[in-house]
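By our numbering, the letter at position 140 of the sequence shown is numbered 1512, and the numbering carries on one by one without gaps.
Each remark here refers to the structure printed beneath this line.
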Amino acid sequence: MESSNFIVDFLNWLMSFEPKAIVLAASAIGAGFAMIAGIGPGIGQGYAAGKGAEAVSRNPKALRETTMVMLLGAAVAETSGILALVVALIMLFGNPLVNLDGNAFIIMASAMGAGLAMIAGIGPGIGQGYAAGKGTEATGKRPKMQSQIVRTMLVGQAVAQTTGIYALVIALVLLFANPLLNL
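Encoded structure:
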């Protein structure tokens, strides 16, 4: 029972601040949460680069083709990190929640939720990097098949990006068209 009193006391204390200050603080936390999504692209791009180095060591004659596939695939793997960065920048520099009238607690939770939603970008970053690594590896083995390999890799990466796009949609809804404020 004491823990529930602590939570109630904490929430009462939190709501004693100016609503704008609460929303700004939550937005800063949300922006930080959003950037956790950068873990996925980092892992994915590292995997692609590692597979590129491995492929070139096995077939140095395919350096150009292998490097091009690795760079293209790694660039695509970065998209979920870029989406998270956009959401973080919106919350820091153009936050539409700051001047909203309504329940400050809901607006605060929406700012944090928008950032948390972007964590879903970890999966696409890793998945796209894995596809890039495998595409790079395949190109190293069969450089003459580069165009077919790239086409297949890009289709797979596009499908892998869908959860990152879903996260972006939820974050933007929470920031710009928050349906929770009208309930």
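Virtual Cβ for every residue (Gly too), placed ideally from N, Cα, C.
In whole angstroms, give me the CA-to-CA distance for residue i and residue j.
i	j	result
A1403	F1477	17 Å
A1427	A1543	39 Å
Shortest alpha-carbon distance to residue i belongs to which of the options?
i	options	result
V1531	V1448, N1550 and L1386	V1448
V1441	G1528, V1541, T1535 and I1521	I1521
A1483	P1496, A1421, F1405 and G1422	F1405
G1485	D1381, E1390 and M1407	M1407
I1479	A1549, G1414 and A1425	A1549
With DSSP as the reference, label residue i as helix, strand or coil.
i	result
G1497	helix
S1429	helix
G1453	helix
Q1518	helix
L1555	coil
V1470	coil
S1388	coil
Q1533	coil
A1549	coil
N1475	coil
Let's test the definition: count the other Cβ atoms within 10 Å of the Cβ of residue i and tell me whether it reaches 16, buried, or not, exposed.
i	result
E1450	buried
I1379	exposed
F1393	Inspection of the sequence shows that residue 1393 is occupied by Ala rather than by Phe. Counting Cβ neighbours within 10 Å, A1393 comes out exposed, since fewer than 16 surround it.
Beta-carbon of residue i versus every beta-carbon of chain B: anything under 8 Å?
i	result
A1449	Going by chain labels, chain B is absent from the structure shown, which holds only one protein chain.
Given the structure, does residue i come close to the ligand MN, in the sense that its CB is under 7 Å from one of the ligand's heavy atoms?
i	result
K1433	Only the bare structure without any ligand can be found here, which leaves the ligand MN out of the picture.
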